[in-house]
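Peer 1: With our numbering applied, the sequence shown corresponds to residues 7 to 299, in that order.
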Amino acid sequence: MTHHRTVSVNGLDIFYREAGNPQNPSILLLHGFPTSSFMFRNLIPALAEKYHLVAPDFPGFGQSSMPGVEDYTYTFDQLSETIDGFIDAIGLEKYTLYVMDYGAPVGYRIATRRPEKVEGLIVQNGNAYKQGMEDNFWAPIKTFWANRNDAAAIEGAAVMVRPESTRWQYQDGVKDLTLVSPDTWTHDQALLDRPGNRDIQLALFYDYQNNPPLYPQWQEYFRTYQPPALVVWGKNDQIFVEAGAHPYKRDLKNVDFHLLDTGHFALETHGAEIASLIDGFLTREVAPKYNRA
């Protein structure tokens, strides 16, 4: 059974999904844009018999608190601080870190601060390298970085919160569209359309420019601590393109690497395959550390 809980972190209500026995290896699942822990709704029960899974919603996403931009600093630094507080609030001591999209800059900040907690990495379309950020998708975002107060630049970035863009993120690169439920983009869009959320997303779009300068620090973390890693990447993704997946093999010695014939939200079309890969990876790399008696 998946439990739907809320915990207070520095005055914010952080919603999270949790399943499985906490005595088993834990997986901390960090979602991307424009979704929430909702993206893990099928993966969690698929793995809960053998693992303990925890998936929080970032502030401004899903069912967590959504303070306005005047009341909360929507930066990836601040999101990582809040999720770090969440980890402490629920008493999560060790975990394998699953990062996707926005989950990568949040998760890697946490991992570099407290590397002793991370038992492994699961990387699904989340960048830690500049390779893969030269494609056309990023052009309007980079224009916004350079012209934050320009109306045309703002609207160019804000395209990504429109319904057609949300649907595109789920469908682009997918060979069989019947596998993608329309509940996905309609659910996410309803949350994006809340009053004040557009400003929240624009703040995070703008702050994303502060992630690439940290990539060398994250890569040094990989080289120094060598967490075992599973890379499961939708190779048809036009946001975090395939080129961003391969450099992980440069810095990590123990990488189980898989390119999947799908797009940005690989769990929607390849959820069973990804669950099987995660089980195999954790069975080899993490579970032997736990006493099964």
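We put the CB at the ideal spot given by N, CA and C, even for glycine.
If we ignore side chains and look at the alpha-carbon of each, how far apart do Ser70 and Asn260 end up?
Peer 2: Residue 70 sits at position 64 when you count from the first residue of the sequence shown. Residue 260 sits at position 254 when you count from the first residue of the sequence shown. Going by the C-alpha atoms only, they are around 35 Å apart.
Peer 1: Would a check of beta-carbon distances place Gln225 closer than 7 Å to chain D?
Peer 2: Of the protein chains in this structure there is only one, and it is not chain D.
Peer 1: Give every residue of the same chain whose Cβ lies closer than 6 Å to the Cβ of Thr12, excluding the five residues on either side of it in the sequence, and list them in chain order.
Peer 2: As a working mapping, residue 12 is identified with position 6 in the sequence shown. If we look at Thr12 and ignore the five residues flanking it on each side, its Cβ neighbours are Asp19, Phe21.
Peer 1: Below 7 Å CB to CB, which residues in the same chain sit around Lys255 once its five sequence neighbours on both sides are set aside?
Peer 2: What you label residue 255 is simply residue 249 of the sequence shown in a count that begins at 1. So the list reads Val261, Phe263, once near-sequence residues are dropped.
Peer 1: So, Tyr80 versus Ala209, is the Cβ gap smaller than 7 Å?
Peer 2: Here residue 80 refers to the residue found at position 74 of the sequence shown. Here residue 209 refers to the residue found at position 203 of the sequence shown. Yes.
Peer 1: In the segment 112 to 146, which residue ranges form an unbroken beta strand (DSSP E) of at least 3 residues, counting only runs that do not cross its ends?
Peer 2: Whole beta strand (DSSP E) segments, 3+ residues: 124 to 129.
Peer 1: Rounded to whole angstroms, what is the Cα-Cα separation between Leu49 and Trp144?
Peer 2: Locating residue 49 in the sequence shown gives position 43, where the first residue counts as 1. Locating residue 144 in the sequence shown gives position 138, where the first residue counts as 1. In a straight line, the C-alpha of Leu49 is about 29 Å away from that of Trp144.
Peer 1: Quick one: residues in its chain with C-beta nearer than 8 Å to the C-beta of Leu198, no 5 flanking neighbours on either side, listed in chain order?
Peer 2: Sequence index remark: in the sequence shown, residue 198 carries index 192 (1-based). Pro40, Val167, Thr172, Arg204, Gln207.
Peer 1: In the segment 235 to 273, which residue ranges form an unbroken beta strand (DSSP E) of at least 3 residues, counting only runs that do not cross its ends?
Peer 2: Segments of the beta strand (DSSP E) lying fully in the segment 235 to 273: 235 to 240, 261 to 266.
Peer 1: Please state whether the Cβ-Cβ distance between Gly113 and Leu103 is less than 7 Å.
Peer 2: Residue 113 sits at position 107 when you count from the first residue of the sequence shown. Residue 103 sits at position 97 when you count from the first residue of the sequence shown. Against a cut-off of 7 Å, the Cβ pair of Leu103 and Gly113 comes out as a contact.
Peer 1: Counting only the same chain and skipping the five closest in sequence on each side, list residues whose C-beta sits under 8 Å from that of Leu183.
Peer 2: Position 177 of the sequence shown holds residue 183. The answer, listed in chain order, is Gln177.
Peer 1: Between which two residues does the alpha helix (DSSP H) containing Phe211 stretch?
Peer 2: On the sequence shown, residue 211 is found 205 positions in, with the first residue counted as 1. Its alpha helix (DSSP H) spans residues 203 to 213.
Peer 1: DSSP three-state call for Ala33: helix, strand or coil?
Peer 2: Taking the sequence shown and counting its residues from 1, the one referred to as residue 33 is at position 27. The sequence as given places Ile at residue 33; Ala does not occur at that position. Note: Ile33 maps to strand in three-state DSSP.
Peer 1: On the three-state DSSP scale, how would you describe Gly17?
Peer 2: Your numbering for residue 17 matches position 11 in the sequence shown. Correct three-state label for Gly17: coil.
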